[in-house]
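Engineer: In the numbering used here, the protein residues as written are 1406 to 1888.
Where a beta carbon is used, it is the ideal one built from N, C-alpha and C, also for glycine.
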Ligand code: ADP
Ligand code: GLC
């Protein structure tokens, strides 16, 4: 099969910016369709019908009625929003509830999370099998464990003959485990509940189902693709990934340059070079009630979880403060980390906002001198990319996408024609982070060098062009469609 046509892709995701977001997956799912248009790919996005955004859609059309969808009736809606071509699984018994996307108000996973996202994937497979009379995808692309059963259901359906599948791992820490007793509730074939199938230590692993049955597996940076093959990062699935090594590729995330642009951002005082950050810094200091100091104003914008290594920052913080530096943090998550940062904020040069605030994140990234990302593992990471774009130098751990996107200040990259764009530290432990913070403060005092690095950072390509082309090439190679 070798056809010249537009490739039709159905993206299956549990979140998608600007409609619904808890982390970077939403940014990626929201930006990729637009980035692919110039690549001869038309992507539609299948999303659960969470109540928070359904009301925002103008004139959604009912495209299919699903009388029995994992415990209740559902409808498939079609709508356009913010340039996205959406298909929405409107299943009130699964998604219309008060609480988070994945967690109830008590902070625990919804007990029926496996059914909720199995339903999404089952509908993706129905679409691959012709549910919509006027549109069928060439490729179905699932994201994380929530989209991972789509390749499985398709592989076990007639569409397996013509529809190819891709699964992207954004974070292998979340695997979608369910007790074996839920096999039939999840519409999974008992014959596939084996160690060659989706069985994982006596449980169903929805992520493993996707890793076994997808035609190709991608992850969000080349370094994380390598790391996933090791026990340290593979989190129990390294063996499965080693078997599928030749089908696994790392494609770096980009960022949406229309949303993240220091020249056009409506939430900041626009600027074109690092010097233009100054008024934004004054606004940020006022907003966080931080005094003038001699050192760099550093920020963190992050989920507060063990992954992000912020406990290491708590230990290393005295070094930053001793050098006259400051910290402004925006984040939410683990109550212990929230409490520890609230306590750290008793220091006059530390200020903390517990919560989630998209526009405050923009103002922080525009106003700060440096952004800290000390993650223990980081499949890609987006905030360091925002930092680069805004000339806010990233100080990052040497892992995953952080290793692939920041050119660290070293004697080699600072010599002659300076190419450094940030700082890196390794091993990912508090002493190395402390040293890196001390180096950051020393560099900050060398104003000319600091601005040079800022200009390098702002010039570093962080958009989607290159990676969208890589996804397009992958889809086209799978579907036999050439441009
Ligand atoms: P992850 O997906 O692991 O959380 P990423 O760096 O890929 O990490 O993406 C995180 C995204 O969520 C970024 O867009 C970041 O700006 C945003 N974000 C995280 N925490 C907050 C917060 N408290 N307020 C606003 N935005 C946040
Ligand atoms: C995950 C990862 C993060 C990545 C994001 C988008 O949440 O933790 O590193 O940038 O997905 O791919």
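Which residue wins for smallest C-alpha separation from residue 1545, given the options 1615, 1624, 1518 and 1818?
Structural biologist: Numbered from its first residue, the chain shown carries residue 1545 at position 140. Looking at the Cα atoms, 1615 is the closest of the given residues.
Engineer: Let's test the definition: count the other Cβ atoms within 10 Å of the Cβ of residue 1647 and tell me whether it reaches 16, buried, or not, exposed.
Structural biologist: The sequence position of residue 1647 within the chain shown is 242, counting from 1. When all chains shown are included, residue 1647 counts as exposed.
Engineer: Taking its Cβ as the centre, do 16 or more other Cβ atoms sit within 10 Å of residue 1753, making it buried, or is it exposed?
Structural biologist: As a first step, residue 1753 is located in the chain shown; it is residue number 348 there, counting from the start. Its Cβ having fewer than 16 others within 10 Å, residue 1753 is exposed.
Engineer: Give the single residue among 1779, 1869 and 1836 whose Cα lies nearest to the Cα of residue 1827.
Structural biologist: Numbered from 1 along the chain shown, position 422 holds the residue referred to as residue 1827. With distances taken between Cα atoms, residue 1827 lies closest to 1779.
Engineer: Nearest CA to the CA of residue 1811: which residue from 1820, 1822, 1792 and 1817?
Structural biologist: Position 406 of the chain shown, counting from 1, holds the residue named residue 1811. Measuring from the Cα of residue 1811, the nearest candidate turns out to be 1792.
Engineer: In this structure, does DSSP put residue 1541 in helix, strand or coil?
Structural biologist: Within the chain shown, numbered from 1, the residue matching residue 1541 stands at position 136. Reduced to three states, the DSSP call for residue 1541 is coil.
Engineer: My understanding is that residue 1438 touches residue 1450, with C-beta atoms under 8 angstroms, so please give their C-beta distance in whole angstroms.
Structural biologist: Taking the chain shown and counting its residues from 1, the one referred to as residue 1438 is at position 33. Taking the chain shown and counting its residues from 1, the one referred to as residue 1450 is at position 45. Right, the Cβ-Cβ distance comes to about 6 angstroms (below 8 angstroms), so this counts as a contact.
Engineer: Within the continuous beta strand (DSSP E) that includes residue 1655, where are the two ends?
Structural biologist: As a first step, residue 1655 must be located in the chain shown, where it is residue number 250. Looking at the DSSP string, the run of the beta strand (DSSP E) that includes residue 1655 is 1653–1655.
Engineer: Under 7 angstroms from any heavy atom of the ligand GLC, by CB: list those residues in chain order, please.
Structural biologist: 1428, 1429, 1430, 1432, 1433, 1575, 1576, 1625, 1658, 1712, 1783, 1784, 1785, 1786, 1787, 1805 and 1806
Engineer: Just to confirm, does residue 1735 get its C-beta within under 7 angstroms of one of the non-hydrogen atoms of the ligand ADP?
Structural biologist: If you number the chain shown from 1, residue 1735 lands on position 330. Yes - the ligand ADP has a heavy atom lying nearer than 7 angstroms to the Cβ of residue 1735.
Engineer: Could you name the residues that DSSP lists as bridge partners for residue 1469?
Structural biologist: Taking the first residue of the chain shown as position 1, residue 1469 is located at position 64. Beta-bridge pairing links residue 1469 to 1481.
Engineer: Tell me whether the segment 1479–1492 and the segment 1541–1561 touch, counting them as touching only if at least three CB pairs, one residue from each stretch, are closer than 8 angstroms.
Structural biologist: no
Engineer: Contact check, residue 1581 vs residue 1551 under 8 angstroms by CB: the rounded distance?
Structural biologist: As a first step, residue 1581 must be located in the chain shown, where it is residue number 176. As a first step, residue 1551 must be located in the chain shown, where it is residue number 146. Correct: roughly 7 angstroms between the Cβ atoms.
Engineer: Roughly how many whole angstroms lie between the Cα atoms of residue 1660 and residue 1448?
Structural biologist: Numbered from its first residue, the chain shown carries residue 1660 at position 255. Numbered from its first residue, the chain shown carries residue 1448 at position 43. Those two C-alpha atoms are separated by around 17 angstroms.
Engineer: With 16 as the cutoff for other CB atoms within 10 Å, does residue 1505 come out buried or exposed?
Structural biologist: Within the chain shown, the letter at position 100 stands for residue 1505. When all chains shown are included, residue 1505 counts as exposed.
Engineer: From this set, 1456, 1608 and 1574, which residue's C-alpha is nearest residue 1497's C-alpha?
Structural biologist: Taking the first residue of the chain shown as 1, we reach residue 1497 at position 92. Closest option to residue 1497, Cα to Cα, is 1456.
Engineer: Is residue 1760 near the ligand ADP, judged by its Cβ being under 7 angstroms from some heavy atom?
Structural biologist: For the purposes of this step, residue 1760 is taken as the residue at position 355 of the chain shown. Yes - the ligand ADP has a heavy atom lying nearer than 7 angstroms to the Cβ of residue 1760.
Engineer: Between the beta-carbon of residue 1777 and the beta-carbon of residue 1703, is there less than 8 angstroms?
Structural biologist: Position 372 of the chain shown holds residue 1777. Position 298 of the chain shown holds residue 1703. Yes.
Engineer: Which partner residues of residue 1707 appear in the DSSP bridge assignment?
Structural biologist: The sequence position of residue 1707 within the chain shown is 302, counting from 1. Its beta-bridge partners are 1736.
Engineer: Which residues in the same chain have their Cβ closer than 6 angstroms to the Cβ of residue 1785, if we skip the five residues on either side of it in sequence?
Structural biologist: Taking the chain shown and counting its residues from 1, one reaches residue 1785 at position 380. When the five nearest sequence neighbours on each side are left out, the beta carbons in the same chain lying within less than 6 angstroms of the beta carbon of residue 1785 are those of 1625, 1626, 1658 and 1806, in order along the chain.
Engineer: With the cut-off set at 8 angstroms, would you say residue 1685 and residue 1796 are in Cβ contact?
Structural biologist: By 1-based counting over the chain shown, the position of residue 1685 is 280. By 1-based counting over the chain shown, the position of residue 1796 is 391. Between residue 1685 and residue 1796, the CB-CB gap reaches or exceeds 8 angstroms.
Engineer: Would you mind reading off the limits of the beta strand (DSSP E) that contains residue 1492?
Structural biologist: The sequence position of residue 1492 within the chain shown is 87, counting from 1. Run containing residue 1492: 1489–1495, per the beta strand (DSSP E) assignment.
Engineer: Whole-angstrom Cβ separation of residue 1571 and residue 1621, contact assumed at under 8 angstroms?
Structural biologist: Translated into positions along the chain shown, residue 1571 becomes position 166. Translated into positions along the chain shown, residue 1621 becomes position 216. Right, the Cβ-Cβ distance comes to about 5 angstroms (below 8 angstroms), so this counts as a contact.
Engineer: Is residue 1575 buried or exposed, if buried means 16 or more other CB atoms sit within 10 Å of its CB?
Structural biologist: On the chain shown, residue 1575 is found 170 positions in, with the first residue counted as 1. Buried, because 16 or more other Cβ atoms sit within 10 Å of the Cβ of residue 1575.
Engineer: Decide if residue 1870 is buried, meaning its Cβ has at least 16 other Cβ atoms within 10 Å, or exposed.
Structural biologist: Here residue 1870 is taken as the residue at index 465 of the chain shown, counted from 1. By the 10 Å Cβ count, residue 1870 comes out exposed.
Engineer: How would you write the range of the alpha helix (DSSP H) that residue 1863 sits in, first residue to last?
Structural biologist: On the chain shown, residue 1863 is found 458 positions in, with the first residue counted as 1. Here the alpha helix (DSSP H) through residue 1863 covers 1852–1864.
Engineer: Can you list, in chain order, the residues of its chain with a C-beta nearer than 7 angstroms to that of residue 1878? Leave out the 5 residues immediately preceding and following it.
Structural biologist: Within the chain shown, numbered from 1, the residue matching residue 1878 stands at position 473. Nothing meets the Cβ criterion.
Engineer: Any idea what DSSP makes of residue 1645, helix, strand or coil?
Structural biologist: Locating residue 1645 in the chain shown gives position 240, counting from the first residue. Residue 1645 falls in the helix class under three-state DSSP.
Engineer: Taking 8 angstroms as the threshold (C-beta atoms), are residue 1453 and residue 1510 in contact?
Structural biologist: By 1-based counting over the chain shown, the position of residue 1510 is 105. By 1-based counting over the chain shown, the position of residue 1453 is 48. Result no, Cβ atoms of residue 1510 and residue 1453 do not sit closer than 8 angstroms.
Engineer: Nearest-angstrom Cα distance between residue 1874 and residue 1808?
Structural biologist: Reading the chain shown from its first residue, position 469 is the one you call residue 1874. Reading the chain shown from its first residue, position 403 is the one you call residue 1808. Whole-angstrom Cα-Cα distance: 22 angstroms.
Engineer: Pick out whichever of 1854, 1840 and 1838 has its Cα sitting closest to the Cα of residue 1824.
Structural biologist: Taking the first residue of the chain shown as position 1, residue 1824 is located at position 419. Out of 1854, 1840 and 1838, 1854 has the C-alpha closest to the C-alpha of residue 1824.
Engineer: With distances taken between CB atoms, is the gap from residue 1737 to residue 1709 smaller than 8 angstroms?
Structural biologist: Along the chain shown, one-based indexing puts residue 1737 at 332. Along the chain shown, one-based indexing puts residue 1709 at 304. Yes, Cβ-Cβ distance for residue 1737 and residue 1709 is below 8 angstroms.
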